[in-house]
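Okay, so here's the structure we're looking at.
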Amino acid sequence: MKVIYVLDKNNGVLFNHRRQSRDAFLVENIVSKVKQENGTLFVSDYSKELFEGTDVSIQSLAEFDLSCAKENDFVFIENEDIQLEDYKGDLDYYFYKWPSIYPSDKTLELPLNDAEVVKKEQFNGNSHDEIYLEIWRKNK
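Using the UniProt record's numbering, the first residue of the sequence shown is number 1, and each one after it goes up by one.
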């Protein structure tokens, strides 16, 4: 399973219950990753608007069952959290990072003691000069 977060330089996620920023090329990158794996993308109702009009399989995060998660499932986390402690399979974290610091009142605090960076990418965004992607793997 893959879990996707979009963060600023201080691991900020949301400000006043809204996303800090958005970028069309970042969304395209996520869609591309899901399609490469022939996967399903689980999103909250709030996040669904980002992926409307894309040709990727989208399911509601409310329907997501951790015990049935597949290797090619992608879970986009923004305004809702999921409990990952009980997940028994391999877990990849996709951290998309803005090169800026935005106001935030929700930050990501995720222990990565037993995870390692397996890939780093950088690409040009639509509204950001650079966007970074770090993929961390947590083995079962």
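Beta carbons are placed, not taken as given, at the ideal position from N, Cα and C, and that holds for glycine.
Sheet register partners of residue i (DSSP bridge)
{"i": "F95", "result": "Y5, E134"}
{"i": "I58", "result": "L41"}
{"i": "Q83", "result": "In DSSP, Q83 forms no bridge with anything."}
{"i": "K106", "result": "L14"}
Nearest to residue i (by Cα), restricted to the options the options
{"i": "L41", "options": "L110, N113, G125, Y5", "result": "Y5"}
{"i": "L110", "options": "L84, F123, V118, K2", "result": "L84"}
{"i": "R18", "options": "D92, K2, F95, E80", "result": "E80"}
{"i": "L14", "options": "V34, S47, E28, A24", "result": "S47"}
{"i": "I58", "options": "F74, A69, F95, I82", "result": "F74"}
{"i": "N72", "options": "E28, S21, V56, S104", "result": "V56"}
{"i": "K70", "options": "L91, N124, D23, E116", "result": "L91"}
{"i": "I135", "options": "E116, L26, E63, C68", "result": "E116"}
{"i": "S67", "options": "I30, D86, E37", "result": "D86"}
Opening and closing residue of the alpha helix (DSSP H) in which residue i lies
{"i": "A24", "result": "24 to 36"}
{"i": "D73", "result": "No alpha helix (DSSP H) holds D73; the beta strand (DSSP E) holding it covers 73 to 76."}
The beta strand (DSSP E) enclosing residue i, as first and last residue numbers
{"i": "K120", "result": "115 to 123"}
{"i": "L14", "result": "12 to 15"}
### Query
When the Cβ atoms of the region 117 to 131 are set against those of the region 91 to 101, are three or more pairs found closer than 8 Å?
yes
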